[in-house]
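216 is the number of the first residue of the sequence shown in the working numbering; add one for each residue after it.
First up is the structure itself, then whatever we jot down about it.
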Amino acid sequence: MTVGTQMQQAISSCESVLASLHSFSLETQDQTAKQMFQNLGNQQQQVLDNLKARLQYIETQEPQYKNQ
216 MTVGTQMQQA ISSCESVLAS LHSFSLETQD QTAKQMFQNL GNQQQQVLDN
266 LKARLQYIET QEPQYKNQ
């Protein structure tokens, strides 16, 4: 498995977690829990943005990893 493929899998997993956190936030009536899920979602979005930026960097440095 190449680095590019591993990064794509990590990004997909991260997006899945972000979607779950968003869903949990919408479904709960508990305001404390809602705020917690929103905060975790914000943190997860930062992780996702960092992973995407890293993948973009890898693709510019190692073109063979692009679009795998």
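Just so it is clear, CB atoms sit at the ideal spot from N, CA and C, and this is done for glycine as well.
Tell me which residue opens and which closes the alpha helix (DSSP H) that residue i is part of.
i, result
"E277", "Counting along the chain, E277 falls outside any alpha helix (DSSP H), and DSSP gives it neither H nor E."
"T217", "Segment: none, T217 is in no alpha helix (DSSP H) and carries neither H nor E."
Would you mind sorting residue i into buried or exposed? The rule is 16 or more other CB atoms within 10 Å of its CB.
i, result
"L236", "buried"
Leaving out five residues on either side along the sequence, give the residues of the same chain with a beta carbon under 8 Å from the beta carbon of residue i.
i, result
"L255", "L236"
"K267", "I226"
"C229", "Q259, V262, L263 and L266"
Between which residues of its own chain and residue i is the CB-CB distance below 7 Å, once the five residues before and five after are set aside?
i, result
"S240", "K249, F252, Q253 and G256"
I'd like the list of long-range same chain contacts for residue i, defined as Cβ closer than 6 Å, with 5 residues on each side in sequence excluded.
i, result
"D258", "In the sequence under discussion, the amino acid at residue 258 is Gln, which differs from the Asp named in the question. Closer than 6 Å at the Cβ level, and outside the excluded window around Q258, lies no residue."
Given 8 Å as the limit, is there contact between the region 220-229 and the region 242-256, that is, 3 or more CB pairs closer than that? With the cut-off at 8 Å, the region 220-229 and the region 242-256 do not touch.
Fully enclosed by the region 216-268, which beta strand (DSSP E) runs are 3 residues long or longer? Within the region 216-268, no complete beta strand (DSSP E) run reaches 3 residues.
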